[in-house]
Amino acid sequence: MSSESSVLECRNVTAHYDIGKGIRVRAVDDVELSVKGREILGLAGESGCGKTTLMRTIYRDVSPPLRVVSGSVTIRVKDGEEIDIYKLSDAELRRIRAKVLSYIPQGSMSVMNPTSRVKHQFFEVFRKYGRFKKGEILQQVKGRLQELGLRESILESYPHQLSGGMRQRTVIALATIMNPSVVLADEPTSALDVVYQRGVVEMIQNIRDMFGTSFIIVSHDMGLHNQITDRIAIMYAGKIIEVGKTDGIFSDPLHPYTEGLINSIPRIGGSKKLEGLSGLPPNLANPPPGCRFHPRCPYRMEKCAIEEPPIFRIGDRVVSCWLLEGK
Ligand SMILES: Nc1ncnc2c1ncn2[C@@H]1O[C@H](COP(=O)(O)OP(=O)(O)OP(=O)(O)O)[C@@H](O)[C@H]1O
Ligand SMILES: [Mg+2]
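Numbering-wise (our numbering), the sequence shown opens with residue 1 and increments by one.
If you want it as structure tokens, here you go:
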């Protein structure tokens with residue numbers, strides 16, 4: 001890995017959906033991204049920009065029509081060893097899942113088995129990834145629920161008996177019970193009321209603080225990113241167009257798309273008309289030439305429609321926009 005502090009690195013990752021008749025959806029294009037130890041990294045961007053596809057690619061949850069065209073995903077395990085996810089055999093991949101890298105898919109309400117009590121869902125994780133006695137597992141799970149402030153009684157419940165917020169917290173407890181280094185959480189709060197969202201946010205922060213877990217939190221909700229993340233990566237039309245510390249991204253967005261996303265956040269009591277983004281993201285089967293954002297960009301220059309901007313580094317910020325050339 002290029003940085004000592006990284007636990008996960010994506011290098012030049014490109015993934016397409018080949019949907020027949022020669023149509024190729026370029027959902028993830030040449031993505032560079034790293035996650036540090038104990039870090040909560042946000043992944044933001046409008047619907048359809050490739051966030052879920054990038055998570056699936058990192059987890060190697062890849063099957064047709066999705067195809068990983070190039071790139072590598074490296075993860076550092078607890079003893080410092082580095083693993084290239086795409087070089088593992090299927091058996092090795094199964095072994096690191098849950099223990100090293102965990103994935104909470106979008107719509108995880110449906111991830112739980114509706115016909116099985118919560119305790120059996122915990123047993124199932126251990127059955128798949130380790131070999132322990134039921135009594136010991138139960139003790140371990142109860143200990144963990146207590147640490148996370150969840151009632152022991154949820155173990156006897158079926159998923160439908162839990163509130164939406166409690167169900168989502170249970171899903172997170174399940175995904176982190178084996179103490180993975182990195183958790184990919186795709187829209188962990190989007191189906192929840194604001195009150196329940198707070199519980200989920202606090203739980204993720206507690207897990208990070210207590211166990212040193214790193215998270216990638218996927219959300220199109222910039223308000224959530226502001227609350228929970230240390231750094232944010234902004235994705236647009238399959239590309240990461242800006243990465244920076246959360247404070248800096250909000251106080252001084254450098255990419256016009258980031259600026260548009262932030263200006264789209266409704267503010268309580270705000271009477272000012274929102275000046276967010278106009279237009280729609282492009283069709284990823286036929287993205288525009290040059291910068292993919294140029295048709296919507298209020299600051300576009302001639303060059304933007306012709307040549308794709310490289311990545312410019314400004315302090316600890318990474319931005320892909322011609323406006324930053326020479327800055
Ligand atoms: N199974 C699939 N087959 C073909 N195209 C797909 C498939 N899944 C996603 N896509 C396309 O890939 C692109 C990226 O989709 P993806 O689901 O990764 O976006 P997203 O950022 O997660 O969106 P959302 O915020 O709505 O969850 C979109 O153009 C989408 O239509
Ligand atoms: Mg998604």
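Heads up, the beta-carbon is just placed ideally off N, CA and C, and yes, glycines get one too.
Beta-carbon spacing of residue i, residue j below 8 Å
i, j, result
"L41", "R296", "no"
"E308", "C321", "no"
"V73", "V13", "yes"
"I216", "L93", "no"
"G164", "L192", "yes"
"D18", "R67", "yes"
"R169", "M203", "yes"
"V201", "Q227", "yes"
"S157", "R127", "no"
"F123", "K134", "yes"
"E325", "F312", "yes"
"G248", "R317", "yes"
"K119", "L148", "no"
Spatial neighbours of residue i in its chain, beta-carbon cut-off 7 Å, leaving aside the 5 residues before and after
i, result
"K78", "S181"
"R26", "H16, G238, L284 and P287"
"V35", "S6, V7, L8, L41, V182, S214 and I216"
"E46", "H220 and P281"
"E152", "K142 and L145"
"C10", "V31, E32, L33, I58, G71 and V73"
"N113", "Q121"
"R38", "R208, G212 and S214"
"P298", "P256"
Proximal residues to residue i (C-beta, below 8 Å), its chain only, five neighbours per side dropped
i, result
"D84", "S72, V73 and T74"
"H294", "P288, R300, C304 and A305"
"L150", "M166, R169, T170 and A173"
"R95", "Y129"
"V125", "A98, L174, I177 and M178"
"P310", "S320"
"C336", "Since the first and last residues shown for the chain are 1 and 327, residue 336 lies out of range."
Start and end residues, alpha helix (DSSP H) containing residue i
i, result
"Y17", "From DSSP, Y17 is part of no alpha helix (DSSP H) but of the beta strand (DSSP E) over S6 to D18."
"F211", "V194 to F211"
"L174", "G164 to T176"
"M235", "Counting along the chain, M235 falls outside any alpha helix (DSSP H), though it belongs to the beta strand (DSSP E) covering R231 to Y236."
"I228", "M222 to I228"
"L101", "Counting along the chain, L101 falls outside any alpha helix (DSSP H), though it belongs to the beta strand (DSSP E) covering L101 to I104."
"I154", "Note, I154: premise wrong, no alpha helix (DSSP H); not H, not E."
"V125", "V118 to Y129"
Continuous beta strand (DSSP E) stretch holding residue i: start and end
i, result
"K245", "K239 to K245"
"V182", "V182 to D186"
"D29", "R24 to K36"
"H82", "Correcting the residue identity first, residue 82 is Glu in this sequence and not His. Here the beta strand (DSSP E) through E82 covers E82 to D84."
"F215", "S214 to V218"
"R67", "L66 to R76"
"I40", "I40 to A44"
"V318", "R317 to V319"
"I306", "Unbroken run through I306: none, as it is neither H nor E."
"I58", "That residue, I58, is in no beta strand (DSSP E); its alpha helix (DSSP H) goes K51 to Y59."
"I265", "Unbroken run through I265: none, as it is neither H nor E."
"R313", "F312 to I314"
Sequence-distant residues of the same chain with beta carbon closer than 6 Å to residue i, five excluded per side
i, result
"D186", "T52, M55, P105, Q106 and V218"
"P65", "Y17, D18 and I19"
(message) Using only Cβ atoms and a threshold of 7 Å, which residues come within that distance of a heavy atom of ligand 2? Order them by chain position.
(response) A Cβ closer than 7 Å to some heavy atom of ligand 2 marks a residue here, and those residues are K51, T52, Q106, D186, E187 and V218.
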